[in-house]
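Trainee: Residue numbers 2 to 61, in our numbering, belong to the letters of the sequence shown in order.
C-beta: ideal position from N, C-alpha, C; glycine also.
Everything numeric in this text was worked out from a predicted model, so none of it was measured.
Here it is: the structure, laid out below.
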Amino acid sequence: MATTRIHDAATGLGSSGIVKAALVAGAVLLLWRAARGLRDLGWAAFGLGMAAYWTGFWPF
Numbered sequence: 002m003a004t005t006r007i008h009d010a011a012t013g014l015g016s017s018g019i020v021k022a023a024l025v026a027g028a029v030l031l032l033w034r035a036a037r038g039l040r041d042l043g044w045a046a047f048g049l050g051m052a053a054y055w056t057g058f059w060p061f
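Okay, structure coming up:
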């Protein structure tokens, strides 16, 4: 039974470094945006915690 393998070079998918660079740039941008979102979420949680502490709602 013969198997046929198609290489990236034959299909043209792996021959361009531009596609890989765009994927890496997109991943870095996504991670950066997620980190900024987590930072903002952390500050919001801190503010809510301080409000709960100062109003006496915090049980500790």
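May I ask you to report which of helix, strand or coil DSSP gives TRP55?
Mentor: To locate residue 55, count along the sequence shown from 1; it is residue 54. TRP55: helix per DSSP, three-state reduction.
Trainee: Within a Cβ cutoff of 6 Å, which residues of the same chain sit near TRP59, ignoring the five residues on either side of it in sequence?
Mentor: The count along the sequence shown starts at 1 and reaches residue 59 at position 58. These residues qualify, in order along the chain: ALA53.
Trainee: How big is the Cα-Cα spacing for LEU42 and ALA36?
Mentor: Within the sequence shown, numbered from 1, the residue matching residue 42 stands at position 41. Within the sequence shown, numbered from 1, the residue matching residue 36 stands at position 35. When rounded, the distance between both Cα atoms is 10 Å.
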